[in-house]
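Take a look at the structure below.
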Amino acid sequence: MTVVNGKDLRAVQPGEAFAEAQVLYGEGFSLQPRDVKVFKPTGAPVIFYDVFKDGEQDRSGIASLVLEPDASRVRDVGHACANLAESCQDPDLLARVGELLIAHGYEQGLPSVRIVVPAADARSVAACEAQSNACQRQQDTYGGQAFACFDYPADGD
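To convert, note that position 9 of the sequence shown is 28 in this note's numbering; the numbers rise steadily by one, no gaps.
Rendered as structure tokens:
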């Protein structure tokens, strides 16, 4: 899954107030908040998480969620991102992390959650296709690379 480019992020400035990031619990794993940054193009908070499988001390991956209500403003990067360590052998974990990020996006007021993945990344495409939410899928090209874009509207339309 794609991640927000570091040049598009900045630290939270004094006086900026965002809701405190919470630990999110999924089936067999948790997302532990690590940091909050600001998406420079819109001023929206971006929450960064460490992914931990239940009962394991080592991090299994990383995830992030951009809390930008206007999906067109995150068209090329998406709202949700997750990347798992090469050593992570749980074939369904990426899909479950995606599902939790989508649900949390809805809880935070996003009318739709967008996930953008390289079209050639079969594991990420399969994780997006595994979501139970109705989605609108399209193919786009950014910087000469093909991407599969999945939009999951909160109302299911």
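All residues carry an ideal CB built from backbone N, CA and C; glycine is no exception.
For residue i, list the residues DSSP reports as bridge partners.
| i | result |
| --- | --- |
| isoleucine 81 | Asp69, Asn102 |
| leucine 43 | Leu50 |
| lysine 56 | Ala30, Val65 |
| glutamine 127 | Glutamine 127 pairs with nothing; no bridge assigned. |
Is it buried or exposed for residue i, if we count other Cβ within 10 angstroms and need 16 for buried?
| i | result |
| --- | --- |
| lysine 56 | buried |
| glutamate 118 | buried |
| serine 143 | buried |
| glutamate 105 | exposed |
| phenylalanine 37 | exposed |
| valine 96 | buried |
Identify, in the order they occur along the chain, each residue of the same chain with its Cβ nearer than 8 Å to the Cβ of residue i, setting aside the five sequence neighbours on each side.
| i | result |
| --- | --- |
| threonine 160 | Phe166 |
| phenylalanine 67 | Pro52, Arg53, Asp54, Val55, Lys56, Ile81, Ala82, Ser83 |
| cysteine 107 | Lys72, Ser79, Gly80 |
Nearest-angstrom Cα distance between residue i and residue j?
| i | j | result |
| --- | --- | --- |
| arginine 156 | threonine 21 | 16 Å |
| aspartate 69 | arginine 78 | 6 Å |
| threonine 61 | arginine 29 | 11 Å |
| valine 85 | cysteine 147 | 17 Å |
| alanine 145 | glutamine 158 | 15 Å |
Are residue i and residue j close, meaning C-beta to C-beta below 9 Å?
| i | j | result |
| --- | --- | --- |
| glycine 163 | valine 116 | no |
| glutamate 87 | phenylalanine 48 | no |
| leucine 103 | leucine 112 | yes |
Output needed for residue i: all residues of its chain with C-beta closer than 6 Å, excluding positions within five of it in sequence on either side, in chain order.
| i | result |
| --- | --- |
| arginine 92 | Thr61 |
| alanine 90 | Ser131, Arg133 |
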